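Undergrad: I have a structure I would like to understand better, so I am pasting it below and will then ask my questions one at a time.
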Amino acid sequence: MISTWSTPDGRTRRTVRGASAPVTYGLIALCCLIFVLGPASGLTPAYGSGEALLAAQRAYFRHWGVVPAELFDGAARELLTPASALFVHGSWVHLLGNMLFLFVFGAMTEERMGRVQFTLFYAGCGYLALLGYAAANAASEQSLVGASGAISAVLGAFLYLFPRARVTSLLPFLFFLPLRFPAWVVLPFWAALQWLAAGRASDGPGVAYLAHLVGFGLGFGYAWVRYGKRKGPKGGLGRAVAGDGRARVKSAPAPASEGENQP
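Throughout, my numbering is defined as the position within the sequence shown, counted from one, plus 46.
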């Protein structure tokens, strides 16, 4: 896919999507590899089956994931878990949902930010998103895993950088018809769903909606601060355009999220 956008000085830049986004695709490959080799995939015989597999999964999530009740106890190892948890997923649906969002929105964001900056942005926002959830649920004993906090930050940054990019969405209440909407419609709607869901969520197993909201806010805020003063004469920064002047993004699912808070 060829991405085209205006630079701060008004010039047009064209790149082939994927050719300049190795970090995005490297993250996808790494998360998939870790999942397949871990107990959650059910593909590794060494973890056994039945109750033995479930026990191995719980121990795995607790070791590599964030346990809010243990995070702030002063142990140095626990402070590393918000980083390790970004590469661990609880199920196939959890993994594939996150990786699809990263695939759709990550490449153009990385191309705009650059490899090093995008890597630091992804890791830093992901860490802070999980840390924010843990702080708000400090008494929870449930382990928290998944890249959704970091990917939500990518969505937030994408919204600021490419607000007119058109995203194909499959909306359940419209019978899953593939409809194209600009990012400034799709992504705020997605964030609103996370906000509503977070208000009804418990601290038990399920979806860590608060981590999504924290990540989304961090990503949008970072892009606003980092790029807000570098727009061209016509506000060209971050406006991906195609031949007809409108941006296009490969198909994405309906604005929904998969769980991070695992038993």
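Glycine residues also receive a C-beta, built at the ideal position from the N, C-alpha and C atoms.
Quick caveat, the model's predicted, so the values are computed rather than measured.
1. In or out: L283 buried (at least 16 other Cβ within 10 Å) or exposed?
2. Excluding sequence positions up to five away, which residues of its chain have a Cβ less than 6 Å from the Cβ of E124?
3. Report the residue from V253, A101 and L201 whose alpha carbon sits nearest the alpha carbon of P228.
4. Classify L166: buried if its beta carbon has 16 or more other beta carbons within 10 angstroms, exposed otherwise.
5. According to the neighbour-count rule (16 or more other Cβ atoms, all chains shown, within 10 Å of its Cβ), is A67 buried or exposed?
6. Taking 8 Å as the cut-off, decide whether the C-beta atoms of A254 and L174 are in contact.
7. Roughly how many angstroms lie between the CA atoms of V113 and R104, to the nearest whole one?
8. Hey, would you say L148 sits closer than 8 Å to I80, going by beta carbons?
9. Select from S130, M159 and L76 the residue whose C-alpha is nearest the C-alpha of Y268.
10. Going by DSSP, what residue range makes up the alpha helix (DSSP H) through S87?
11. Just tell me which of P91, G263, A196 and L83 has its CA closest to the CA of F164.
12. Please report the distance separating the alpha-carbon of F397 from that of V134.
13. State the Cα-Cα distance for the pair M154 and V69, rounded to the nearest angstrom.
14. Please report the residue range of the alpha helix (DSSP H) in which A269 lies.
15. Based on Cα-Cα distance, which residue from F151, A203 and M145 lies nearest to Y273?
16. Under a three-way DSSP split, which group does N144 fall into?
TA: Let me lay it out:
1. Confidence at L283 is low in this model, with a pLDDT of 38, below 50, so the placement of that residue should be treated as unreliable; the coordinate-derived value is given next. When all chains shown are included, L283 counts as buried.
2. E116 and L117
3. L201
4. exposed
5. buried
6. no
7. 12 Å
8. no
9. M159
10. Where S87 is concerned, there is no enclosing alpha helix (DSSP H), given that its DSSP letter is neither H nor E.
11. A196
12. No information on residue 397 is available, as it lies outside the stretch 47 to 309 that the chain covers here.
13. 11 Å
14. Y255 to Y273
15. A203
16. helix
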